[in-house]
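A.B. asks: Supplied in structure tokens, the structure appears directly below.
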Amino acid sequence: MTQEFEGPRTAIVTGGAKRIGAALARALAADGWHVLVHCNRSRAEAEALAAEIGGSTVQAELADPGAADAIMAALDGLPPARLLVNSASRFALDSVGDFTVEGWDAHLDINLRAPALLSRAFAARVGEGPGLIVNLLDAKLAQPNPDFFSYTVSKMGLAGLTELCARAFAPAIRVCGIAPSVTMVSGPQSRDNFAQVHDLNALGRGVDVAEIVAALRFIVATPTYTGQTIVLDGGQRFLSLPRDVQFLSPSGDGQFLSPSGDGQFMEPK
């Protein structure tokens with residue numbers, strides 16, 4: 001099979017200092033990429049990771065519209081940029097009944113506007129390619145529920161951006177998505193709650209970070225794959241869950257758990 005990406009090349013991973021972003025950065029480095037690890041507050045972790053994998057770092061606040069230019073400037077002197085992974089994400093609990101303007105803007109600034117600006121700047125830098133953009137989405141888009149309202153709207157927008165950019169940037173640049181269900185403890189969730197609901201899906205197996213890494217490797221290695229999203233949810237979408245998995249009792253009794261693990265039950269918002 002023809003290899004699309006060969007020779008010295010750089011991958012940018014936003015939010016790459018910790019959690020899923022760090023796992024993706026390590027995998028790309030192992031596959032021969034020079035990785036530019038983006039961070040905001042996690043500078044120490046980013047620098048430690050870059051030292052571990054032989055990469056570079058850039059610090060930028062993605063809520064600032066100038067962040068895209070700052071990240072592109074950090075590519076100067078590095079191998080040619082060929083991959084952008086938009087992994088950074090804001091994730092805070094709200095609902096349609098209580099979301100604030102500030103919370104709405106914060107989610108859309110980081111989860112949608114920043115990837116849009118980065119994608120445009122990356123495409124301009126890559127030129128005739130080849131290039132690849134991978135956006136981290138969310139499996140809840142395959143079966144939406146009203147929890148995490150502003151976050152979900154921002155990811156819906158990012159899903160649309162994924163297809164629009166795939167159309168606009170072809171044939172030089174492919175654009176794809178990876179949409180995992182709950183993979184790590186997130187937001188207000190406790191470890192006990194995560195352990196209860198991680199495998200609440202049709203297969204009874206929780207999604208692992210290694211599967212997200214495998215999905216990224218598949219996308220990188222498949223030159224004809226573009227404009228599509230890999231959903232990793234164990235068939236959770238088949239269950240038609242009325243709430244985010246954090247709030248559901250694994251007994252299936254229809255009650256709503258508090259994600260903080262305090263043993264309390266919550267009324268639907």
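Note that the sequence shown covers residues 1 to 269 in my numbering. Glycine included, C-beta positions come from ideal geometry on N, C-alpha and C.
Please name the residue, chosen from 27, 70, 32, 8, that lies closest to residue 38 on a Cα-to-Cα basis.
C.D. replies: Indexing the sequence shown from 1 puts residue 38 at position 38. When only C-alpha atoms are compared, the closest one is 70.
A.B. asks: Relative to the alpha-carbon of residue 98, which residue among 16, 150, 157 has its alpha-carbon at the smallest distance?
C.D. replies: Counting from 1 along the sequence shown, the entry for residue 98 is found at position 98. It is 150.
A.B. asks: On the premise that residue 142 lies in contact with residue 231, defined as a C-beta separation below 8 Å, what is that separation, rounded to the nearest angstrom?
C.D. replies: Along the sequence shown, read from residue 1 onward, the residue named residue 231 stands at position 231. Along the sequence shown, read from residue 1 onward, the residue named residue 142 stands at position 142. Yes, they are in contact, since the Cβ atoms of residue 231 and residue 142 sit about 5 Å apart, within 8 Å.
A.B. asks: Helix, strand or coil for residue 226 per DSSP?
C.D. replies: For the purposes of this step, residue 226 is taken as the residue at position 226 of the sequence shown. DSSP places residue 226 in coil when its eight states are reduced to three.
A.B. asks: Which residues share a DSSP beta bridge with residue 174?
C.D. replies: Here residue 174 corresponds to residue number 174 of the sequence shown, with the count starting at 1. DSSP output for residue 174 lists 132 as bridge partner(s).
A.B. asks: Could you check whether residue 83 and residue 11 sit closer than 7 Å to each other, using their CB atoms as the reference points?
C.D. replies: In the sequence shown, residue 11 corresponds to position 11, counting from 1. In the sequence shown, residue 83 corresponds to position 83, counting from 1. It is a contact, given that the beta carbons lie within the stated cut-off.
A.B. asks: Does the Cβ-Cβ distance between residue 155 and residue 137 come in under 7 Å?
C.D. replies: Sequence index remark: in the sequence shown, residue 155 carries index 155 (1-based). Sequence index remark: in the sequence shown, residue 137 carries index 137 (1-based). Yes, the Cβ-Cβ distance between residue 155 and residue 137 is below 7 Å.
A.B. asks: On the DSSP bridge assignment, give the partners of residue 12 in chain order.
C.D. replies: By 1-based counting over the sequence shown, the position of residue 12 is 12. According to DSSP, residue 12 bridges with 36, 84.
A.B. asks: Curious, which full-length alpha helix (DSSP H) runs of at least 4 residues does the region 63-108 contain?
C.D. replies: With a minimum length of 4 residues, the continuous alpha helix (DSSP H) runs that stay inside the region 63-108 are 67-73, 101-108.
A.B. asks: Quick one: measure Cβ to Cβ for residue 23 and residue 185, integer angstroms, because I've assumed they're closer than 8 Å.
C.D. replies: Taking the first residue of the sequence shown as position 1, residue 23 is located at position 23. Taking the first residue of the sequence shown as position 1, residue 185 is located at position 185. At roughly 15 Å, the Cβ-Cβ gap does not stay under 8 Å, so residue 23 and residue 185 are not in contact.
A.B. asks: Buried or exposed, going by whether 16 or more other CB atoms sit within 10 Å of the CB of residue 3?
C.D. replies: Mapped onto the sequence shown, residue 3 falls at position 3. By the 10 Å Cβ count, residue 3 comes out exposed.
A.B. asks: Can you name, in chain order, every residue of its own chain whose Cβ lies under 6 Å from the Cβ of residue 57, other than the five neighbours on each side?
C.D. replies: Reading the sequence shown from its first residue, position 57 is the one you call residue 57. Excluding sequence neighbours, residue 57 sits near 37, 46, 47, 50.
A.B. asks: With 16 other CB atoms within 10 Å as the buried threshold, where does residue 28 fall?
C.D. replies: Position 28 of the sequence shown, counting from 1, holds the residue named residue 28. So residue 28 ends up on the buried side.
A.B. asks: If the criterion is Cβ atoms closer than 7 Å, does the pair residue 88 and residue 15 meet it?
C.D. replies: Taking the sequence shown and counting its residues from 1, the one referred to as residue 88 is at position 88. Taking the sequence shown and counting its residues from 1, the one referred to as residue 15 is at position 15. Cβ atoms of residue 88 and residue 15: closer than 7 Å.
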